[in-house]
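Step one of this worksheet: look at the structure below.
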Amino acid sequence: MAKGGEWRWRSGELSDSAGRSIAHVSADVLVLGSTRFLLERSTSSRKFRMRATSSSGAYGFIRQDGFTVKRLSAQCAERPYRLDRPSTFHRVREIRTAGAELVATVSSQFGGTVVVEPGPAFDDVPVADVAFLTWGCALIDAPPTPTRMGGRNS
Numbered sequence: 004m005a006k007g008g009e010w011r012w013r014s015g016e017l018s019d020s021a022g023r024s025i026a027h028v029s030a031d032v033l034v035l036g037s038t039r040f041l042l043e044r045s046t047s048s049r050k051f052r053m054r055a056t057s058s059s060g061a062y063g064f065i066r067q068d069g070f071t072v073k074r075l076s077a078q079c080a081e082r083p084y085r086l087d088r089p090s091t092f093h094r095v096r097e098i099r100t101a102g103a104e105l106v107a108t109v110s111s112q113f114g115g116t117v118v119v120e121p122g123p124a125f126d127d128v129p130v131a132d133v134a135f136l137t138w139g140c141a142l143i144d145a146p147p148t149p150t151r152m153g154g155r156n157s
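Take the sequence shown: its position 63, counting from 1, is numbered 66 in the working numbering, and each next residue is one higher.
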């Protein structure tokens with residue numbers, strides 16, 4: 004599958020630039036074709052941590068490195084990644100390989116849509132890695148869906 008073009012997470016579904024579904028998340032399960040990953044998030048500490056497990060065993064993890072979520076480290080199979088925000092004030096995150104090659108830039112939009120812009124190393128990374136890593140970014144960085152404010156007459 005060619006991965007060129009912008010991808011988007013919207014309402015738990017990852018789609019390519021043509022609108023074709025790549026993956027979706029339902030009830031803490033990431034579904035990518037016939038592969039399913041159980042997603043487990045840490046709730047026992049103030050630090051973000053998520054891991055993915057497939058039927059064949061552990062697949063990957065994302066974890067917060069410091070006091071804030073600005074710097075995250077991740078691993079999928081034996082492939083290490085960095086998921087860092089270049090700016091503290093924007094919900095934009097860069098996914099980079101261990102060699103610092105840019106895989107993708109992930110940005111949150113108002114309303115909960117997460118845009119995945121491919122970088123130079125995008126096509127060199129497995130689709131499952133991109134889906135898992137960008138879903139982790141979506142959980143941390145996507146703003147909540149806007150709610151209606153006001154009384155009955157609004």
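Cβ coordinates follow ideal geometry from the N, Cα and C atoms, glycine included.
DSSP beta-bridge partners of residue i
i, result
"residue 111", "117"
"residue 102", "Note: residue 102 sits in no beta bridge, so no partner."
"residue 26", "17"
"residue 87", "74, 97"
"residue 55", "42, 63"
"residue 12", "17, 117"
"residue 82", "79"
Among the options, nearest to residue i - alpha-carbon criterion
i, options, result
"residue 15", "117, 97, 125, 129", "117"
"residue 40", "48, 26, 56, 121", "56"
"residue 129", "141, 20, 12, 25", "25"
"residue 79", "90, 66, 71", "66"
"residue 89", "101, 58, 19, 72", "72"
"residue 142", "18, 28, 20, 22", "28"
"residue 19", "91, 132, 121, 43", "121"
"residue 68", "13, 53, 23", "53"
Distance CB(residue i)-CB(residue j) smaller than 8 Å
i, j, result
"residue 105", "residue 123", "yes"
"residue 33", "residue 134", "yes"
"residue 76", "residue 95", "no"
Alpha-carbon spacing of residue i relative to residue j, whole angstroms
i, j, result
"residue 35", "residue 115", "21 Å"
"residue 152", "residue 113", "Legend: pLDDT at residue 152 = 48, less than 50; position of this residue unreliable, value from coordinates given subsequently. If I take the Cα positions, the gap works out to 16 Å."
"residue 62", "residue 144", "22 Å"
"residue 97", "residue 137", "10 Å"
"residue 30", "residue 64", "18 Å"
"residue 9", "residue 60", "30 Å"
"residue 70", "residue 51", "10 Å"
"residue 86", "residue 99", "7 Å"
"residue 101", "residue 119", "19 Å"
"residue 48", "residue 140", "18 Å"
"residue 126", "residue 21", "17 Å"
"residue 38", "residue 132", "12 Å"
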